[in-house]
Every structure is written in C-alpha cells, then in structure tokens.
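Undergrad: Sharing a structure with you now.
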Ligand code: F6P
C-alpha cells in the first residue's frame with residue numbers, strides 16, 4: 051500500500067472533516083501518499099482528485115460540512131461510470147480507497163471492489179445512525195444535539211402560548227434521531243417509522259396530557275420517507291381537537307450542519323486512523339465501526355444489507371418520564 055484516496059459521499063454529516071483530517075494525517079504518518087477526491091463518486095469519475103498533505107487539513111477538525119464536498123451520483127451506479135473511476139485511480143497508481151458516508155456510499159464501494167479488486171474501506175458517516183456494524187455513526191450525536199437545542203427553544207414558546215408542537219426531525223426511514231431527541235428533549239410522545247404510531251394514538255396521548263393538566267406538549271415526528279409528514283399528522287389532530295393550539299416545526303437540514311460534538315470529533319478521529327491502518331493490514335472490503343468502544347470490522351455487504359435495530363424499549367423512557 052503506497053497511495054490511498056479519500057472521499058465523502060451522500061448526505062454530509064458533522065465530523066466528516068475531523069475524519070478526513072485523521073485519514074490524511076494517518077496516511078502521512080505512515081509515509082503513504084494521500085489523495086482527496088472532491089464531490090464523492092462524481093469526482094472519481096470526473097478525475098477531480100488532488101494530492102493532500104498534512105497542512106491541507108489544518109484547522110478543519112471543528113468545522114461542519116466536508117472540505118472534500120459531497121454528492122449523490124447516479125453515474126457511479128453504472129458499470130461505465132465505475133470503469134471511468136477505475137481508470138482515473140489506476141493512472142495515479144492509487145491502491146486503496148477510503149469512503150466516508152452511509153449505506154449508498156458502501157454499496158458503491160462494494161461493487162467497485164468486486165469489479166476492480168482495489169482494496170476499499172468504509173467509514174460510517176451519516177446523521178441517521180442507520181448503519182449496521184457500529185453503535186454510532188459520525189454526525190449522529192451532533193445532529194441530536196442540534197435537534198435538542200431547537201427543541202429547548204420551541205419548548206420556551208410552546209410554554210408561553212400553551213401550544214402543542216409537532217417537531218419533525220430527519221433520519222429517513224430510521225427513528226434513531228427521533229427517539230434520542232424525544233428522550234433528551236423531554237417530549238410527550240414520538241412517532242417512529244419502526245412503530246405503527248398513528249394520529250389516533252397521538253390524540254390519545256394529548257387527551258391524557260389534558261387530564262394531567264399539562265399546558266403544552268412537544269411531539270417528535272420522524273420524517274420517515276416523506277419530509278413534511280408532520281404537517282399531515284398535525285392536521286388530523288387539529289380536526290379532532292379543534293380547541294387545541296397546534297404548530298409544526300420541521301428542523302430539516304439544520305441537523306446536517308454546524309460544529310461536530312466532542313463525541314463525533316473523537317469517533318471520526320478514531321475511525322479515520324483505524325481505516326488507514328486497516329488498509330495497511332490487508333483489509334479489503336470492510337467498514338470500520340465502534341461497538342462497545344472496540345473497533346469492529348464488518349463486510350461492506352453486511353453493513354448495508356443488515357438493519358441496525360432501534361432500541362424501542364427506550365420508548366418507555368419517553369412515556370414514563372413525561373407523566
Ligand atoms: O441520510 C441523511 C439525510 O439527511 C436524511 O436524514 C434525509 O432524509 C436525507 O439525507 C436528505 O437528503 P438530501 O441531502 O437529498 O436533502
């Protein structure tokens with residue numbers, strides 16, 4: 051292993067910069083040449099590949115976004131696209147690739163390894179925390195903290211006006227962000243994709259709250275696969291409880307930006323260096339994650355085909371602690 055490339059792909063996540071820094075500095079430490087690919091798979095195909103040095107990653111550890119930019123790229127899903135990418139890597143004699151991203155990124159890396167046998171390593175970077183083979187993904191903790199910060203603010207105005215707020219959080223078809231935000235934000239209820247909570251359940255929660263003379267409520271809604279879903283839920287509730295003052299806040303992409311939390315910086319640094327060392331040790335088609343604070347290698351195929359279960363027992367916390 052002499053030359054490796056690193057890229058970020060899919061939705062960006064706080065901590066990606068800290069991870070790029072760890073990969074670059076790790077590679078420099080082991081006297082490897084390190085190349086950064088801009089715009090994820092698109093950059094591999096368009097040959098947007100540049101040599102990086104230790105000082106290329108100065109002062110990025112604490113910054114949100116990704117200095118290598120990110121993209122979702124349909125062309126890489128085609129054999130022709132992947133072939134172009136291979137030729138660009140081959141001409142630079144790059145013999146290992148590290149991709150930081152989510153399940154889409156890992157699917158791409160896995161197909162690429164199958165076809166061209168260049169060793170690849172995946173690092174889980176997505177706010178959704180929906181990757182099998184790691185307790186936490188880079189960006190998840192920061193996104194939950196951003197949601198909590200927003201919920202605290204919403205709580206102030208909900209209290210002043212005696213309102214019910216539906217707060218929608220990201221996470222695609224997984225409820226990890228929603229569940230943690232509900233516990234940490236002291237929500238009265240949470241609607242998760244993994245559970246069949248419907249508007250009637252929510253109406254019942256609100257009626258219970260009314261019996262307990264609560265003057266305001268926070269209800270967290272996971273976006274599921276249709277961002278904006280909370281507007282429809284709130285509408286149904288409003289029709290049944292016309293006396294209630296109901297508002298909806300969709301947090302959206304603010305959860306993807308901002309400084310990474312301490313936990314994300316440390317996770318990103320740990321996994322970035324581990325990925326470089328894993329390539330040097332001969333790992334070829336793996337993702338590196340952290341389970342119970344230990345480094346764990348999972349095949350890329352497993353990482354995107356197995357579902358990381360959501361601990362729905364934690365719903366007890368939401369229910370019991372909001373009485
Ligand atoms: O996968 C990360 C994520 O932020 C999801 O939570 C969200 O559904 C999606 O990406 C949004 O994607 P886009 O960047 O295309 O708006």
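Residue numbers (my numbering): 51 to 373.
We treat Cβ as the ideally placed atom computed from N, Cα and C, and that holds for glycine.
1. Report the CB separation of residue 154 from residue 132 in whole angstroms; it is logged as a contact under 8 Å.
2. Spatial neighbours of residue 267 within its chain, please: C-beta separation below 6 Å, excluding the five flanking residues on both sides.
3. State buried or exposed for residue 222, treating a residue as buried only when at least 16 other CB atoms are found within 10 Å of its CB.
4. Which of the three DSSP states, helix, strand or coil, is assigned to residue 239?
5. Please go through the same chain and pick out, in chain order, the residues whose beta-carbon is closer than 6 Å to the beta-carbon of residue 288, but skip the five residues on each side of it.
6. Got a sec: does the ligand F6P put a non-hydrogen atom nearer than 7 Å to the Cβ of residue 222?
7. Out of curiosity, what's the CA-to-CA distance linking residue 256 and residue 177?
8. Using the DSSP secondary-structure output, state which residues sit across from residue 101 in a beta bridge.
9. Return the first residue and the last residue of the alpha helix (DSSP H) that residue 336 is part of.
10. Hey, out of 174, 191, 192, whose CA is closest to residue 184's CA?
11. Pull up the distance between the alpha-carbon of residue 138 and that of residue 212, whole angstroms please.
12. Can you find the residues in the same chain that come closer than 7 Å, C-beta to C-beta, to residue 157, ignoring five residues on each side of it along the sequence?
13. Going by the C-beta, is residue 158 closer than 7 Å to any heavy atom of the ligand F6P?
14. Thinking C-beta only, is residue 73 closer than 8 Å to residue 326?
15. Counting along the chain, where does the alpha helix (DSSP H) carrying residue 368 start and finish?
16. Along the chain, where does the alpha helix (DSSP H) containing residue 164 start, and where does it finish?
17. Please name the residue in 87, 160, 71 whose C-alpha comes closest to that of residue 110.
18. Does the pairing of the stretch 323-338 with the stretch 163-172 give three or more beta-carbon distances under 8 Å?
19. Measuring alpha carbon to alpha carbon, tell me which of 317, 279, 88, 151 ends up nearest residue 342.
20. Determine the DSSP secondary structure at residue 244, reduced to helix, strand or coil.
21. Confirm the yes/no value for this check: CB of residue 178, any heavy atom of the ligand F6P, distance under 7 Å.
22. Got a sec, what are the start and stop residues for the alpha helix (DSSP H) residue 287 sits in?
23. Tell me which residues share the same chain as residue 163 and place their Cβ nearer than 8 Å to its Cβ, disregarding the 5 neighbours each side in the sequence.
24. DSSP state of residue 196, grouped into three classes?
25. With a threshold of 7 Å (Cβ to nearest heavy atom), would residue 172 be considered close to the ligand ATP?
26. From the DSSP output, read off the bridge partner residues of residue 271.
27. Leaving aside the five residues before and after residue 117 along the sequence, list all residues of the same chain whose C-beta is less than 7 Å from its C-beta, in chain order.
28. Can you check whether the CB of residue 305 is closer than 8 Å to the CB of residue 187?
TA: By the coordinates alone:
1. On the chain shown, residue 154 is found 104 positions in, with the first residue counted as 1. On the chain shown, residue 132 is found 82 positions in, with the first residue counted as 1. The pair is not a contact, with the Cβ atoms about 14 Å apart (cut-off 8 Å).
2. Your numbering for residue 267 matches position 217 in the chain shown. Excluding residues within five positions, the ones whose Cβ falls inside 6 Å are 214, 238, 259.
3. Taking the chain shown and counting its residues from 1, one reaches residue 222 at position 172. Burial state of residue 222 is buried, judged by a 10 Å Cβ sphere holding 16 or more other Cβ atoms.
4. Translated into positions along the chain shown, residue 239 becomes position 189. Three-state result, residue 239: strand.
5. Along the chain shown, one-based indexing puts residue 288 at 238. Cβ within range, chain order: 296.
6. As a first step, residue 222 must be located in the chain shown, where it is residue number 172. Yes, the ligand F6P has a heavy atom inside 7 Å of this Cβ.
7. Counting from 1 along the chain shown, the entry for residue 256 is found at position 206. Counting from 1 along the chain shown, the entry for residue 177 is found at position 127. For residue 256 and residue 177, the distance between alpha carbons rounds to 30 Å.
8. The residue given as residue 101 occupies position 51 in the chain shown. Beta bridge pairing from DSSP links residue 101 with 85.
9. The sequence position of residue 336 within the chain shown is 286, counting from 1. Counting along the chain, residue 336 falls outside any alpha helix (DSSP H), though it belongs to the beta strand (DSSP E) covering 335-341.
10. Residue mapping note: residue 184 aligns to position 134 of the chain shown, counting from 1. Of 174, 191, 192, the residue nearest in Cα terms is 174.
11. The residue given as residue 138 occupies position 88 in the chain shown. The residue given as residue 212 occupies position 162 in the chain shown. If you draw a straight line from the Cα of residue 138 to the Cα of residue 212, it is about 60 Å long.
12. The sequence position of residue 157 within the chain shown is 107, counting from 1. Contacts found: 354.
13. Counted from its first residue, the chain shown places residue 158 at position 108. Residue 158: no, Cβ never under 7 Å from the ligand F6P.
14. Start at 1 with the first residue of the chain shown, and residue 326 comes out as number 276. Start at 1 with the first residue of the chain shown, and residue 73 comes out as number 23. Taking 8 Å as the Cβ cut-off, residue 326 and residue 73 qualify as a contacting pair.
15. Looking up residue 368 in the chain shown gives position 318. Residue range 365-371 is occupied by the alpha helix (DSSP H) that includes residue 368.
16. To locate residue 164, count along the chain shown from 1; it is residue 114. For residue 164, the enclosing alpha helix (DSSP H) starts and ends at 153-166.
17. Stepping through the chain shown from its first residue, residue 110 is reached at position 60. The shortest Cα separation from residue 110 among 87, 160, 71 belongs to 71.
18. Because the criterion of three Cβ pairs below 8 Å is met, the stretch 323-338 and the stretch 163-172 touch.
19. Indexing the chain shown from 1 puts residue 342 at position 292. Distance check between residue 342 and each of 317, 279, 88, 151 places 317 closest, using alpha-carbon atoms only.
20. Counting from 1 along the chain shown, the entry for residue 244 is found at position 194. Assigned with DSSP and collapsed to three states, residue 244 falls in coil, not helix or strand.
21. The sequence position of residue 178 within the chain shown is 128, counting from 1. At least one heavy atom of the ligand F6P lies closer than 7 Å to the C-beta of residue 178.
22. Within the chain shown, residue 287 is the residue found at index 237, counting from 1. Looking at the DSSP string, the run of the alpha helix (DSSP H) that includes residue 287 is 279-290.
23. Position 113 of the chain shown, counted from the start, is the residue given in the question as residue 163. 169, 170, 334, 335, 350, listed in sequence order.
24. In the chain shown, counting from the first residue as 1, residue 196 sits at position 146. Looking at residue 196 - three-state DSSP - the assignment turns out to be helix.
25. Looking at this structure, you won't find the ligand ATP anywhere; what it does contain is the ligand F6P.
26. On the chain shown, residue 271 is found 221 positions in, with the first residue counted as 1. The partner list for residue 271 (beta bridge, DSSP) reads 218, 241.
27. Walking along the chain shown from the start, residue 117 turns up at place 67. Apart from sequence neighbours up to five positions away, the residues of its chain that approach residue 117 with a beta-carbon distance below 7 Å are 67, 70, 110, ordered along the chain.
28. The residue you call residue 187 lines up with position 137 of the chain shown. The residue you call residue 305 lines up with position 255 of the chain shown. For residue 187 and residue 305, no; Cβs fall outside 8 Å.
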